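So the sequences go chain by chain: A and B. 3 is the number of the first residue of the first sequence in my numbering; add one for each residue after it. 7 is the number of the first residue of the second sequence in my numbering; add one for each residue after it. Don't be surprised by glycine CBs; every beta carbon is placed ideally from N, CA and C. As the structure is a computational prediction, the values presented were derived from the model and not from experiment. Structure first, then comments.
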Amino acid sequence: MKIYMKPIELIAWFTKEGIPHPIKYKIQTEDNSQKVVKILRLLARTEEKIAGNRMYIFKCEGNINGILKIFELKYELNTCKWYLYKI
Amino acid sequence: MFLINKYTKHLIFHIDVNSAYLSWEAASRLQQGDSLDLRTIPSAVGGDPETRHGIILAKSIPAKKFKIQTGETLFSARTKCPDLVIVSPNYPLYRQCSTALKELVQNYSPLIQQYSVDEFFLDFTGMNNLFGNPVDTALKIKEHVKNELGFTVNIGISTNKLLAKMGSELQKPDRVHTLFPEEISKKMWPLPIDELFGVGRATSQKLRDRGIKTIGDLAAQTPAYLERFLKSYGTLIWNYANGRDISPVRNNKTIPVKGMGNSTTLSFDVTNQETAYLILLSLTETVTTRLRDAGFCAGLISVSLKTNGFVFCSHQKKLYSPTDCTSAIHEIACTLFDQLWQGEPLRHLGIRLSELCLNNFYQPSLFEEKLEKQRLLDKTIDTIRSKYGSKAVFRSSFLHSGLSPIMGGVIESEEYPMMSSLL
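Take a look at the structure:
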């Protein structure tokens with residue numbers, strides 16, 4: 003996996019405890035078209051506090067161009083922004 | 007490694023972030039997906055030369071090899087190292103990192119003192135019953151910070167705050183050092199005199215002139231001799247050189263404030279009185295808001311300025327009756343400014359209030375203007391500003407002046423932990 007770190011649009015559901023579970027995201031590809039990727043499986047969730055900035059990291063599996071791929075999403079609690087972190 | 011009876015006295019940790027501003031910026035950039043770690047290349051955090059805040063605030067360890075020093079101008083740093091990467095300071099980030107570090111450190115002792123934005127004292131006395139060996143715990147804290155927050159710290163361990171602080175300065179980065187009284191002669195005395203806490207440019211010059219070059223030399227003097235040219239400060243640093251200090255780890259809330267000040271370096275040279283008055287007013291606004299917030303009145307007002315030739319001077323006035331009123335303080339500041347200013351172009355202006363006393367009892371003077379209404383107005387303005395933001399109301403004199411109505415402070419109108427010369 004390589005670090006990508008691009009902002010994405012994302013749909014998620016939240017548990018009563020406030021933990022988000024990503025469902026699908028939309029990203030702008032290099033040829034300027036929009037692409038939607040569904041999250042098929044959530045493998046792990048970790049939290050980091052680098053430089054005091056809290057972020058959740060989700061390790062997910064999804065179907066990208068017909069291939070099952072593992073990628074990581076980041077959710078920044080402070081700004082409520084989602085990123086495609088690693089792919 | 008160490009005998010337990012060594013720890014029956016006080017045990018103090020000093021935790022110091024390595025090149026704080028730069029490490030924090032680097033960690034934050036890595037988290038945001040930057041592939042470059044600023045700490046591995048010659049880099050520095052520096053002000054913005056456009057607004058003339060052009061000095062180096064922190065530097066990376068590779069930048070140290072180019073002999074780049076904190077406080078020098080960006081221009082001279084670039085001459086020493088043309089490839090130097092310079093990033094602008096980000097004070098909200100630093101406060102966020104500082105708060106995160108404080109929360110983490112609080113897990114290890116109930117008594118901690120934030121000494122500056124990147125330094126903490128931790129009283130570990132008795133905590134070894136819970137955590138075990140202090141050195142192992144310090145190593146654990148260091149790793150905990152590195153893994154969780156993404157930056158490195160130095161930790162000094164000793165029996166008092168002074169030695170703990172000296173210990174954390176020994177070798178950087180990412181180290182734990184002990185500096186117990188029996189180690190002073192080996193670890194602290196060979197160091198040059200300027201390394202000692204409390205010995206700055208002026209004192210070290212005086213000591214060097216008299217052949218005192220190392221901390222060990224200073225420790226070997228008699229206090230009577232030092233007092234001849236340093237007064238009571240001589241005894242203080244002589245005690246420091248011998249590793250003696252009894253200041254307790256203070257809970258930050260109990261530190262008595264002695265004075266409050268605000269100053270600003272301007273983006274242009276001020277050449278007329280009117281602009282200078284406005285700048286003083288905007289500085290007064292900030293500092294008096296803080297003064298009223300803390301519940302004080304000031305009995306001494308001082309104004310300082312720096313000309314474009316870097317000549318610094320200041321002037322002060324004692325008041326018959328202490329006040330916390332913005333207009334009254336501004337008026338006196340302007341009088342002081344007029345007495346001080348010779349008409350040179352100015353690059354820096356500052357105001358400082360001291361001789362603070364509580365404001366719950368206010369004694370008006372028969373011979374002065376009645377300030378009751380003014381005080382009520384100030385109170386109302388403060389309330390509006392705290393509710394709707396510092397720029398919700400401002401004086402019309404700032405309209406079209408191009409000046410900010412509220413000036414001074416790193417994060418305007420918010421508290422930011424500053425350095426102190428008191429342990």
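For chain B, is any of its Cβ atoms less than 7 Å away from the one on methionine 7 of chain A?
For the purposes of this step, residue 7 of chain A is taken as the residue at position 5 of the first sequence. True, the Cβ-Cβ gap to chain B drops below 7 Å.
Of the choices B:Arg84, B:Glu109, B:Ser403, B:Ile62, whose alpha-carbon is the least far from that of glutamate 280 of chain B?
Taking the second sequence and counting its residues from 1, one reaches residue 280 of chain B at position 274. It is B:Ser403.
Report the residue from B:Thr271, B:Ser410, B:Val399, B:Pro140 whose alpha carbon sits nearest the alpha carbon of phenylalanine 186 of chain B.
Walking along the second sequence from the start, residue 186 of chain B turns up at place 180. Distance check between phenylalanine 186 of chain B and each of B:Thr271, B:Ser410, B:Val399, B:Pro140 places B:Pro140 closest, using alpha-carbon atoms only.
Who are the neighbours of alanine 53 of chain A on chain B, taking C-beta pairs under 8 Å?
Within the first sequence, numbered from 1, the residue matching residue 53 of chain A stands at position 51. Those are Trp30, Ala33, Ser34, Gln37, Leu99, Gln102, Cys103, Ala106, Leu155, Gly156, Phe157, listed as they occur along chain B.
Beta-carbon neighbours of methionine 3 of chain A, restricted to chain B and to distances below 8 Å:
As a first step, residue 3 of chain A is located in the first sequence; it is residue number 1 there, counting from the start. Taking the beta carbon of methionine 3 of chain A as reference, no residue of chain B falls within 8 Å; the closest one sits roughly 13 Å away.
Using a Cβ-Cβ cut-off of 8 Å (strictly less than) and excluding sequence neighbours within five positions of glutamate 366 of chain B, which residues of its own chain qualify?
Your numbering for residue 366 of chain B matches position 360 in the second sequence. One detail in the question is off: residue 366 of chain B reads as asparagine in this sequence, not glutamate. Within the same chain, Gly301 come within 8 Å of asparagine 366 of chain B by CB-CB distance, once the 5 residues on both sides are set aside.
Suppose the cutoff is 6 Å on Cβ atoms and the five residues either side in sequence are ignored; what does the same chain contact list for leucine 287 of chain B look like?
In the second sequence, the residue the question calls residue 287 of chain B occupies position 281. Correct list, in chain order: His336.
Neighbourhood of phenylalanine 400 of chain B by C-beta distance below 6 Å, restricted to the same chain and skipping five residues each side
Residue 400 of chain B sits at position 394 when you count from the first residue of the second sequence. Taken in chain order, the residues that qualify are Pro411.
Per DSSP, which residues does arginine 43 of chain A bridge with? Please list them.
Within the first sequence, residue 43 of chain A is the residue found at index 41, counting from 1. For arginine 43 of chain A, which the question treats as bridged, DSSP gives the partners A:Glu63.
Nearest to valine 51 of chain B (by Cα), restricted to the options B:Ala64, B:Ser41, B:Thr57, B:Ala144:
Taking the first residue of the second sequence as 1, we reach residue 51 of chain B at position 45. Ranking the options by Cα distance to valine 51 of chain B, first place goes to B:Ala64.
Label aspartate 215 of chain B either buried or exposed according to how many other C-beta atoms from any shown protein chain fall within 10 Å of its C-beta, with 16 as the threshold for buried.
Reading the second sequence from its first residue, position 209 is the one you call residue 215 of chain B. By the C-beta density criterion, aspartate 215 of chain B is exposed, having fewer than 16 other C-beta atoms within 10 angstroms.
Name the DSSP bridge partner or partners of alanine 14 of chain A?
Position 12 of the first sequence holds residue 14 of chain A. A:Pro24.
With 16 other CB atoms within 10 Å as the buried threshold, where does threonine 85 of chain B fall?
Taking the second sequence and counting its residues from 1, the one referred to as residue 85 of chain B is at position 79. Threonine 85 of chain B should be labelled exposed.
Look up cysteine 363 of chain B in the DSSP assignment and give the residues it is bridged to.
In the second sequence, the residue the question calls residue 363 of chain B occupies position 357. Answer by DSSP bridge pairing, in chain order: B:Cys303.
Histidine 183 of chain B - containing beta strand (DSSP E), residue span
Working through the second sequence from its first residue, we reach residue 183 of chain B at position 177. Per DSSP, histidine 183 of chain B belongs to the beta strand (DSSP E) from 182–184.
Beta-carbon proximity of threonine 76 of chain B to isoleucine 67 of chain B, cut-off 7 Å
The count along the second sequence starts at 1 and reaches residue 76 of chain B at position 70. The count along the second sequence starts at 1 and reaches residue 67 of chain B at position 61. Taking 7 Å as the Cβ cut-off, threonine 76 of chain B and isoleucine 67 of chain B do not qualify as a contacting pair.
Taking its Cβ as the centre, do 16 or more other Cβ atoms sit within 10 Å of aspartate 124 of chain B, making it buried, or is it exposed?
Looking up residue 124 of chain B in the second sequence gives position 118. Here aspartate 124 of chain B is buried. Its C-beta has 16 or more other C-beta atoms within 10 Å.
N- and C-terminal bounds of the beta strand (DSSP E) containing methionine 172 of chain B:
Taking the first residue of the second sequence as 1, we reach residue 172 of chain B at position 166. Where methionine 172 of chain B is concerned, there is no enclosing beta strand (DSSP E), although the alpha helix (DSSP H) it sits in stretches over 167–174.
For the structure I just gave you, are there three or more beta carbon pairs, one from the stretch 207–221 of chain B and one from the stretch 128–144 of chain B, closer than 8 Å?
At 8 Å Cβ cutoff, the stretches do not touch.
Is the separation between the beta-carbon of lysine 165 of chain B and that of lysine 71 of chain B shorter than 7 Å?
The residue you call residue 165 of chain B lines up with position 159 of the second sequence. The residue you call residue 71 of chain B lines up with position 65 of the second sequence. Sequence inspection shows threonine at residue 165 of chain B; the lysine mentioned does not correspond to that position. The answer is no: Cβ separation not under 7 Å.
Under 7 Å between C-beta atoms of leucine 352 of chain B and valine 276 of chain B:
The residue labelled residue 352 of chain B in the question sits at position 346 within the second sequence. The residue labelled residue 276 of chain B in the question sits at position 270 within the second sequence. In this structure, leucine 352 of chain B sits near valine 276 of chain B, with a CB-CB distance shorter than 7 Å.
Helix, strand or coil, according to DSSP, for isoleucine 118 of chain B in the structure here?
On the second sequence, position 112 is the one that residue 118 of chain B refers to. Of the three classes helix, strand and coil, the one that applies to isoleucine 118 of chain B here is strand, per DSSP.
CA-to-CA distance, arginine 35 of chain B to methionine 3 of chain A, given in whole angstroms
Position 1 of the first sequence, counted from the first residue, corresponds to residue 3 of chain A. Position 29 of the second sequence, counted from the first residue, corresponds to residue 35 of chain B. Rounded to whole angstroms, methionine 3 of chain A to arginine 35 of chain B spans 19 Å at the Cα level.
Give me whichever residues DSSP pairs with cysteine 103 of chain B in a beta bridge.
On the second sequence, position 97 is the one that residue 103 of chain B refers to. BP columns for cysteine 103 of chain B are empty, so no partner.
In chain A, what lies closer than 7 Å to serine 41 of chain B by C-beta?
Here the question's residue 41 of chain B lines up with position 35 in the second sequence. What serine 41 of chain B touches in chain A: Ile5.
Please say whether leucine 355 of chain B and isoleucine 252 of chain B have beta carbons closer to each other than 7 Å?
By one-based count along the second sequence, residue 252 of chain B stands at place 246. By one-based count along the second sequence, residue 355 of chain B stands at place 349. It is not a contact, given that the beta carbons lie outside the stated cut-off.
Whole angstroms is fine: what's the gap from isoleucine 13 of chain A's alpha carbon to serine 115 of chain B's?
Mapped onto the first sequence, residue 13 of chain A falls at position 11. Mapped onto the second sequence, residue 115 of chain B falls at position 109. Cα to Cα, the separation comes out at about 42 Å.
Is the number of C-beta pairs between the stretch 31–45 of chain B and the stretch 86–106 of chain B that are closer than 8 Å three or more?
Enough Cβ pairs lie closer than 8 Å, so yes.
Mind checking whether tyrosine 58 of chain A and tyrosine 77 of chain A have CB atoms under 7 Å apart?
Residue numbering aside, residue 58 of chain A sits at position 56 when the first sequence is read from its first letter. Residue numbering aside, residue 77 of chain A sits at position 75 when the first sequence is read from its first letter. Cβ atoms of tyrosine 58 of chain A and tyrosine 77 of chain A: closer than 7 Å.
Reducing DSSP to helix, strand and coil, say where cysteine 319 of chain B ends up.
The residue you call residue 319 of chain B lines up with position 313 of the second sequence. Note: cysteine 319 of chain B maps to strand in three-state DSSP.
Check whether the stretch 100–107 of chain B touches the stretch 23–33 of chain B, taking contact to mean three or more Cβ pairs, one atom from each stretch, closer than 8 Å.
At 8 Å Cβ cutoff, the stretches touch.
Exposure label - isoleucine 18 of chain B; buried when at least 16 CB within 10 Å
Locating residue 18 of chain B in the second sequence gives position 12, counting from the first residue. With 16 or more Cβ atoms within 10 Å of its Cβ, isoleucine 18 of chain B is classed as buried.
Hey, glycine 249 of chain B and leucine 176 of chain B are a contact pair by Cβ (cut 8 Å); roughly how many whole angstroms apart?
Within the second sequence, numbered from 1, the residue matching residue 249 of chain B stands at position 243. Within the second sequence, numbered from 1, the residue matching residue 176 of chain B stands at position 170. In this structure glycine 249 of chain B is not in contact with leucine 176 of chain B, their Cβ atoms being roughly 14 Å apart against a cut-off of 8 Å.
Quick one: Cα of threonine 48 of chain A to Cα of lysine 61 of chain A, how far?
Locating residue 48 of chain A in the first sequence gives position 46, where the first residue counts as 1. Locating residue 61 of chain A in the first sequence gives position 59, where the first residue counts as 1. The straight-line gap from Cα to Cα measures roughly 8 Å.
Length-filtered (3 minimum) beta strand (DSSP E) runs lying within the stretch 258–292 of chain B
265–276, all fully within the stretch 258–292 of chain B.
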